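In what follows, a single structure is set out as structure tokens and then discussed.
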Ligand SMILES: [Fe+2]
């Protein structure tokens, strides 16, 4: 596994010691990303290869994991996955374990790309966090808050969005931006240095929801093409 290099002196990121601290910690004092750094054992690639023939996203459940014919190191990896799924389910979450073999890109992206490979914040109508772990393949990555520029607030892009909207910069336009998720997408400042989530680490990051006490953690999926497989837990 690749060594994880987390940004130093970044007060919005907190490294925690284990699952109990990860699940009980609050997003407060500006902290919007929590990371449980882990060095996992097991051959996750062996599990991924069972699904390599599928395109796009394949969700795997616990029963499928248990039913796979695996070597001893593959079984170690499967046990980690089952445990992670059960830990998140015990919190009342609905985690998904996905083998990803290429993401679908928007056919006509317009002024702001809105796929998961573009910088974005997750959003919800009530208090919700995003949980992420990449077990295999390129990991998700994040921007420091000060490096993220909301696309819909950048004058040139806003003008292009107004042209798509076909009206004035009014309450209706704000509603349009929200309904179309244009307000959830960001660009990186030219001097930005994104940080990667790394393999094996379990992350909990802040989303946008009414009353959220901290700004969201702006992140993106790696631009992996078909054939560059990933194994991702997401909730
Ligand atoms: Fe996301």
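Residue numbers (our numbering): 14 to 248. Cβ coordinates follow ideal geometry from the N, Cα and C atoms, glycine included. Every value quoted in this text rests on a predicted model; they were computed, and no experiment measured them.
Among residues of its own chain, excluding the 5 on either side of residue i, which ones have a beta-carbon nearer than 7 Å to its beta-carbon?
{"i": "residue 23", "result": "157"}
{"i": "residue 33", "result": "none"}
{"i": "residue 117", "result": "69"}
{"i": "residue 57", "result": "90, 148, 149, 244"}
From the DSSP output, read off the bridge partner residues of residue i.
{"i": "residue 163", "result": "199"}
{"i": "residue 133", "result": "198, 232"}
{"i": "residue 109", "result": "247"}
{"i": "residue 237", "result": "The partner list for residue 237 (beta bridge, DSSP) is empty, contrary to what the question assumes."}
{"i": "residue 154", "result": "209, 233"}
{"i": "residue 97", "result": "Residue 97 is not bridged to any residue."}
{"i": "residue 114", "result": "69"}
{"i": "residue 27", "result": "47"}
{"i": "residue 215", "result": "49"}
{"i": "residue 221", "result": "136"}
Rounded C-beta distance between residue i and residue j? I'm assuming under 8 Å.
{"i": "residue 77", "j": "residue 147", "result": "Rounded, the Cβ-Cβ distance is 19 Å, inconsistent with contact."}
{"i": "residue 45", "j": "residue 209", "result": "Contact doesn't hold; Cβ gap of about 17 Å is too wide."}
{"i": "residue 112", "j": "residue 71", "result": "5 Å"}
{"i": "residue 199", "j": "residue 133", "result": "7 Å"}
{"i": "residue 75", "j": "residue 89", "result": "Actually they are not in contact, since the Cβ atoms of residue 75 and residue 89 sit about 16 Å apart, beyond 8 Å."}
{"i": "residue 172", "j": "residue 241", "result": "Residue 172 to residue 241, Cβ: 36 Å. No contact."}
{"i": "residue 31", "j": "residue 93", "result": "Contact flag wrong, Cβ pair sits at about 14 Å."}
{"i": "residue 115", "j": "residue 239", "result": "3 Å"}
CB-CB under 6 Å to residue i, same chain, minus the five flanking residues each way: which ones, in chain order?
{"i": "residue 248", "result": "101, 106, 108, 144"}
{"i": "residue 196", "result": "165, 190"}
{"i": "residue 234", "result": "129, 130, 153"}
{"i": "residue 230", "result": "45, 46, 155, 218, 219"}
Could you name the residues of the same chain whose beta carbon sits closer than 8 Å to that of residue i, not counting the 5 residues immediately before and after it, in chain order?
{"i": "residue 142", "result": "40, 217, 218, 219, 220"}
{"i": "residue 14", "result": "Reliability fails at residue 14, whose pLDDT of 48 lies under 50, so the model's placement of it is uncertain and the value that follows must be treated cautiously. Same-chain partners within the cutoff: 52, 53, 211, 212, 213."}
{"i": "residue 59", "result": "83, 84, 86, 87, 90"}
{"i": "residue 201", "result": "132, 156, 160, 161, 162, 207"}
Do residue i and residue j have their CB atoms nearer than 9 Å?
{"i": "residue 47", "j": "residue 61", "result": "no"}
{"i": "residue 35", "j": "residue 175", "result": "no"}
{"i": "residue 110", "j": "residue 73", "result": "yes"}
{"i": "residue 126", "j": "residue 160", "result": "no"}
{"i": "residue 140", "j": "residue 43", "result": "no"}
{"i": "residue 19", "j": "residue 246", "result": "no"}
{"i": "residue 122", "j": "residue 177", "result": "no"}
Counting contacts by CB-CB distance shorter than 9 Å, is residue i in contact with chain D?
{"i": "residue 61", "result": "Note that chain D does not occur in the displayed structure, where there is just one protein chain."}
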